[in-house]
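Residue numbers for the sequence shown follow the numbering used here, beginning at 4 and rising by one.
Even glycine gets a Cβ: it sits at the ideal position worked out from N, Cα and C.
Following: one structure in structure tokens, then a few remarks.
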Amino acid sequence: MKKVFAVLGNPIEHSLSPIMHNSAFEALDMDCTYHAFRVEKNNLEDALQGAKAMGFGGLNLTVPLKETALSFVDADPLAAKIGAINTIDFKDGIKGYNTDGIGAKRTIEDEGVEIKDKNVLILGAGGAARAIAFTFAEAGAMVNIANRTPERAMQLAAEIGDARGYGLDIVDKGLDEIDILINTTTVGLGNSNGTLVSAEQMHSDLAVFDIVYNPLMTKLLQEAETADARPITGIMMLVYQGAEAFRIWTGREPPTEIMKRTVMEALDI
Ligand code: ATR
């Protein structure tokens, strides 16, 4: 009988996780299937118990369930610090993980950019920023966070310990000391064509990573090109967060190239 996997969230109709994971299962000839279910926060505990009872292999969680899930799972230490769960494994109880930060880390490392001992500036202090900030701090980066609401950046920096929080005006003071700039805000998403940093504020040794992948070349990344800096698109973060979940569930090496191709085709890139 096929092993069942799923992503839970709301809205969930446009999730790329089903096609991405199904392409991976198919490529490795695994007898598994992956679906999407709309689940509200107040039903999450029942949904998790139900999935466990029915022998599901694993789950991904997305908006608005990631934070709520912490109360219902045995969270690994990194996910507990981040305060959000995006991956659940049922092999031994109900274990919760967060692979978003690892997805970002692998995306940047793939480009030949090292993280250890580098100065990183994260724009934003929401869920994605938390995942990246804790993961990069653990990987030995010097983490700086700049947010529209400075208090959120300072709060996150304080939770990390060896990190600093600022308002967005820190960008005007120059990015000369920064090696890696990461946008985790929604600025640049869709047709907005906005950017929090312009070419004049960048330098040519800067790696600029935008977690927004729709459009693929956001205004921020276009500015990076103009500055002769290194633009890194968000598409592989989606692939790698899924690939790490796949590894947790199956113990197998995920076919990331196939997963990437499937996602790119679906987005018509
Ligand atoms: P997610 O969990 O996806 O990271 P979130 O928690 O809603 O989303 O966080 C969104 C981030 O984008 C926040 O850091 C938000 O800044 P505030 O904390 O000040 O709200 C940031 N953001 C959203 N719209 C923005 C804008 N127009 N300019 C600057 N920052 C913006």
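Check: Relative to the alpha-carbon of P236, which residue among F8, L224 and R41 has its alpha-carbon at the smallest distance?
Finding: The question names Pro, yet the displayed sequence has Thr at residue 236. When each option's Cα is compared against that of T236, the closest is L224.
Notebook entry, point to check: Can you name the residues that DSSP bridges to L184?
Noted result: L124 and V211
Checklist line | CB-CB length for A138 against G86, believed under 8 Å | finding: According to the sequence shown, residue 138 is Thr rather than Ala. Actually they do not touch by this definition, with Cβ atoms about 13 Å apart.
Item checked: C-alpha distance - I251 paired with D92, whole-angstrom precision -> 7 Å
Item checked: Distance, A134 Cα to L73 Cα -> Taking the straight line joining both Cα atoms gives about 14 Å.
Check: Roughly how far, in whole angstroms, is the beta-carbon of L68 from the beta-carbon of G12, given that I think they are within contact range, below 8 Å?
Finding: 6 Å
Next item on the list: Classify A232 as helix, strand or coil using the three-state DSSP reduction.
Entry: coil
Next item on the list: Check whether the Cβ of V190 sits closer than 6 Å to any heavy atom of the ligand ATR, and report yes or no.
Entry: Yes, the Cβ of V190 comes within 6 Å of a heavy atom of the ligand ATR.
Check: DSSP state of D172, grouped into three classes?
Finding: helix
Notebook entry, point to check: Do V123 and G99 have their CB atoms nearer than 7 Å?
Noted result: no
Check: Quick one: does the C-beta of A131 sit closer than 6 Å to a heavy atom of the ligand ATR?
Finding: yes
Note to self: Looking only at its chain, what residues have a beta carbon closer than 6 Å to the beta carbon of E28, apart from the 5 residues adjacent to it on each side?
What the structure shows: With the sequence shown as reference, residue 28 is identified as Phe, and Glu is not the correct amino acid for it. Excluding residues within five positions, the ones whose Cβ falls inside 6 Å are C35.
Check: Quick one: what's got a C-beta closer than 7 Å to V200's C-beta in the same chain, skipping five residues either side?
Finding: V174, L184, L223 and E226
Next item on the list: Please work out which residues of its chain come closer than 7 Å, Cβ to Cβ, to M262, disregarding the five sequence neighbours upstream and downstream, and give them in chain order.
Entry: M23, S26, A27, V242, G245 and A246
Next item on the list: Less than 8 Å between the CB atoms is what I'm expecting for N101 and A128, so what's the real figure, rounded?
Entry: About 16 Å separates the two Cβ atoms, so there is no contact after all.
Notebook entry, point to check: Pairing CB atoms from the segment 159-174 with CB atoms from the segment 142-149, are three or more of them under 8 Å?
Noted result: Yes, since at least three Cβ pairs between the segment 159-174 and the segment 142-149 fall closer than 8 Å, the two stretches touch.
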